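Reading through the structure tokens given below for one structure.
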Amino acid sequence: MSLLEIESLSLTIGDTPILRNIELSVAPGEVMGLVGESGSGKSITALTVMQLLPYAARTTGRVAFDGIDILAASEDQMCALRGDDIGMVFQEPMTALNPVKTIGEQVAEGIRWHTGASRADAEERARKMLDRVGLPAAQFPLSRYPHELSGGQRQRVVIAIACALKPKLLIADEPTTALDVVLQAQILDLLRDLVAENRMGLLLISHDLAVVTEMADRITILRHGEVMEAGDTARTLSEQLHPYTRQLAQASMHVPARARTHEVGQGQPLLRVDSVTRDYPGRRTSLFKRSAPTRAVDNVSFSMTSGQSVALVGRSGCGKSTLARMILALDGPTSGTIRFRGQEITGKSEADLKSARRDMQVVFQDPYGSFDPRQKVERLVAEPLHVLEKKPDGAERREMVANALHEVGLSPRDMDKYPHEFSGGQRQRLSIARAIITRPKLVVADEPVSALDVSIRAQILDLFAELNQKLGIAYLFITHDLIVARAISDEVMVMHDGRIVERGKTSEVLDHPQSEAARALVGAAPDLHRAIARRLREQG
Amino acid sequence: MPSVWTKQDSGPVTAMTAYLLKRLAIAFATLVLASMVVFAVLEIIPGDPARLMLGMNASADQVELLRNQMGLNAPLALRYLHWAGGLLSLDFGRSYTYSVPVIDLVRERVVVSLPLALIALALSTLIAIPVGLFSAGRHGRAGDTIAMGAAQLGVAVPNFWFALMLIYLFAVWLRLVPAGGFPGWGAGIWPALKALVLPAIALALPQAAILARVTRSALIEVLNEDYIRTARAKGLPYRAVLWRHALRNAMIPVLTILGLQFAFLLAGTIIIENVFYLPGLGRLVFQAITQRDLIVVESVVMLLVAAVIAVNLLVDLSYAVVDPRLRSRP
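Chains as they are written, first to last, in our numbering: chain A, 25 to 564; chain B, 2 to 331.
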């Protein structure tokens, strides 16, 4: 007997069909993985079960939860189910909690609402639940506010809210996508334990096949609002009968072909970082005193030669982005020096930095947030041209933009479009076009593919590899994703607590990590091959 | 809030003290700067107060004598310090035209203007926030459109015209309240309040219209936040989510506008007090300007400036009450 049963569910918003004939079921104590790329309808399916859809959505078909017809249920009935029998965990822990309420209030609120418990009773249960998800009272009293917690801790609070009343079904929509691999492994363990403890059904939504394979008993693969394939996880992914399943599996393990045609530069290093340290002022403890400053980057030294591709990996908060900002001369080190092409760039004025800026560019993580939505592509891609010695005139400028667009696989005609006319992957191509238009020697890329779907990610990784070969650009990739590091870099530097604790050839570091930090990262990284193999072994 | 104050580590409390002291210092600095500007502007404006007091027929010697008596011949900085020092001890000097201490004039008038401003402020908040909640809860539907249409009208209609309509309807036609004038608080609380009702409404309504629109848009923005979805996923009905989770988060922009509006409210009293013939500060300053009674103008303007700064200081402090993130900022 299934806990949740979805039969031929279709959903439209206005005239646009979003879901078509979705079939899906979750049994008590079962983990169902719902996989698909962005826009495939995963989240909308989840919101249908919660009945938290936008007003304009129209549904047909049948959704039954524990014998209740969800599509016909009244709002009052749904309020009684939500948070009590069905809990939900969302993707973005940084914004999922109300910033003006304490974590205790937020966990206890649902308990009080559904059980009518007194404040004291509800707070006691909230306390127990927070203990259960790994937020002990000593460090995390109920009076903490969300902004005092890290992303992983906040996600634990969200899970505590969702599981406080021991729901029969938990829906987790990309619960670990915003977290680094080590935190991801911890949160997944927690979810697994909660399923086992209470025979809770778990609908786990993710774009990450490896994560789902590690967690789910059965898997449903969505594309464009339709179920492509569904069945036992291990069998579905090992046999890969459906072409789309195969495509997804291959894309998530994609490694670009990189022939070593160009010479890695000899002699003078392109970038030289010498015992760089960056301190941030400590918290104010009294009117005139502050606690000891926080050391974000601690005595880091390394160098890169031209054409080299280096990955800087580490957990969130390890200092890798601070280091990148200093390399880009957006932030100054507290001590130490950074030399780019032999010239010191620390403590220089913007005018003196101009020539250095020309030779180093940046690609950011979020292809949605890094463009002004009201400017055309021509202007956006041409942005870095102001650092050139001689400003190109209109025709030259269009020519350069057209070239850059061509190089990243877009059409020169795209010049007159606005950013919203492009998909996420195309937008990341735009930001790469913007980065290479000045023909830089070094591109710093901060998590350049982690916001992208697996198949798009594969294409963008290919593009990075191709540009590295064709133009001889050196890359510094900042990432917590070891698959990306493996795919694109010659060397890996592992950063931990502000220090670089390990450096070496990519394959050596990832296959035989020496430092504890590197071992933790490698051990926690989900791996599709390993996960399938383990599942098959367990099932015999 | 109590949880923060009782917490073991002293972080947030001292951060709060630092925030408080910083705001206080900024408020004081603003006040000093404003006093300099007010003093300087009136110094530049042509027209000799001594000449004005004595009339056009007075001789140059007489004027010079009076100027010496009034201290008008002292160096500028000295006169400023004298004036500013007087302000601190509530000694505003003597009015040239009324020949009484300015403080007495102010004291007489402030008991009309202050209640008027406070009633108007309370009224506008009490109208605006429920309307904003109502509209945001029905975003895009008929109720929202009607409420916001009314608010648009409220913003567009000038308050003196609206005041005249109120007088026509409630005083002339329905004869519920007096059309103008103020009987004084000595005549009893009820008659005095009755005289303030229409002016307060006339002042409050345009303010309420603006505030309602701000409340609505702040709420709508907050309602799109992820934590609202989290709250709904807990099983709270929409209304509870609106009150418990959205409203407090939407308060920051609302408080900001409320603080800014207070200055407009005070400016509005000058017009409204004239329409309703109320003996308030607004009318005092209006008359003082036409009679070039500079010392009265200076004093009343400084008083209004101080009131606006005080209200905005309160707004700054209430941010910290609303938002815990401000309390613990280093």
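Built from N, CA and C at the ideal position, the CB exists for glycine as well. Quick caveat: nothing in here was measured; it's all calculated off a predicted structure.
Near-chain A residues of the stretch 224–238 of chain B - C-beta to any C-beta below 9 Å: Residues passing the 9 Å Cβ filter: 226, 227, 228, 229, 230, 231, 232, 233, 234, 235, 236, 237, 238.
Neighbourhood of residue 120(B) by C-beta, 7 Å cutoff - its chain only, sequence neighbours within 5 removed: 197, 201
Beta bridge counterpart(s) of residue 43(B) as assigned by DSSP: Bridge partners of residue 43(B): none, in fact.
Beta-carbon spacing of residue 176(A), residue 211(A) below 8 Å: yes
Interface positions of the stretch 246–261 of chain B facing chain A (Cβ-Cβ less than 8 Å), listed along the chain: 246, 249, 250
The stretch 511–528 of chain A contacting the stretch 330–342 of chain A, beta-carbon criterion three pairs below 8 Å: yes
Contacts that residue 107(A) makes with chain B (C-beta to C-beta distance below 7 Å): 234, 235, 236
Test: residue 323(B) CB closer than 8 Å to a CB of chain A: Interface residue (Cβ-Cβ distance to chain A less than 8 Å): residue 323(B) is classified as such.
Classification of residue 228(B) by the beta-carbon crowding that lies within 10 angstroms, buried from 16 upward: Around the Cβ of residue 228(B), a 10 Å sphere holds 16 or more other Cβ atoms; the residue is buried.
Cβ-based neighbour list, residue 210(B), same chain, cut-off 7 Å, excluding 5 preceding and 5 following: Within the same chain, residue 210(B) has close Cβ partners 152, 155, 156.
Contact belief for residue 303(B) with residue 90(B) at Cβ below 8 Å, rounded distance in angstroms: Residue 303(B) to residue 90(B), Cβ: 13 Å. No contact.
Residue 338(B) at chain A interface by Cβ criterion, 8 Å: Residue 338(B) is absent from the structure shown; chain B starts at 2 and stops at 331.
The beta strand (DSSP E) enclosing residue 45(A), as first and last residue numbers: 40–50
Min CB distance residue 446(A) to chain B below 8 Å: no
Contacts that residue 346(A) makes with chain B (C-beta to C-beta distance below 8 Å): None at all; the shortest Cβ gap to chain B is about 17 Å.
Cβ neighbour criterion (16 or more within 10 Å) applied to residue 69(B): exposed
Any 3 or more C-beta pairs closer than 8 Å across the stretch 397–410 of chain A and the stretch 430–446 of chain A: yes
Boundaries of the alpha helix (DSSP H) in which residue 173(A) is found, first to last residue: Where residue 173(A) is concerned, there is no enclosing alpha helix (DSSP H), given that its DSSP letter is neither H nor E.
Separation of residue 48(A) from residue 95(A), as counted between CA atoms: 15 Å
Residue interval of the alpha helix (DSSP H) (run including residue 551(A)): Here residue 551(A) belongs to no alpha helix (DSSP H), and DSSP marks it neither H nor E.
Opening and closing residue of the beta strand (DSSP E) in which residue 528(A) lies: 523–529
With 16 other Cβ atoms within 10 Å as the buried cut-off, status of residue 285(A): With a pLDDT of 44 at residue 285(A), under the threshold of 50, the modelled position of this residue cannot be trusted; read the value that follows with caution. With fewer than 16 Cβ atoms within 10 Å of its Cβ, residue 285(A) is classed as exposed.
Chain B contact residues for residue 104(A), given Cβ-Cβ distances below 8 Å: 236
Span of the beta strand (DSSP E), counted from its first residue to its last, around residue 500(A): 498–503
CB contact check: residue 326(A) to chain B, cutoff 8 Å: no
7 Å CB neighbourhood of residue 223(A) in its chain, flanking five on each side removed: 52, 53
Among 207(B), 231(B), 256(B), 132(B), nearest to residue 245(B) - alpha-carbon criterion: 231(B)
Minimum C-alpha distance to residue 255(A) - residue among 264(A), 265(A), 248(A), 243(A): 243(A)
Every unbroken alpha helix (DSSP H) within the stretch 152–199 of chain B, with a cutoff of 4 residues, ordered by chain: 160–167
Residue 174(B) versus residue 165(B): straight-line alpha-carbon distance, rounded: Between residue 174(B) and residue 165(B), the alpha-carbon positions lie close to 12 Å from each other.
Residue 392(A) at chain B interface by Cβ criterion, 8 Å: no
CB contact below 8 Å: residue 123(A) versus chain B: yes
Reduced DSSP category for residue 141(B) - H, G, I as helix; E, B as strand; rest coil: Coil, per DSSP.
Residue environment, residue 413(A), which counts as buried when at least 16 other CB atoms sit within 10 Å: exposed
For residue 127(A) and residue 166(A), the rounded distance between their alpha carbons: 6 Å
Chain B contact residues for residue 112(A), given Cβ-Cβ distances below 7 Å: 234
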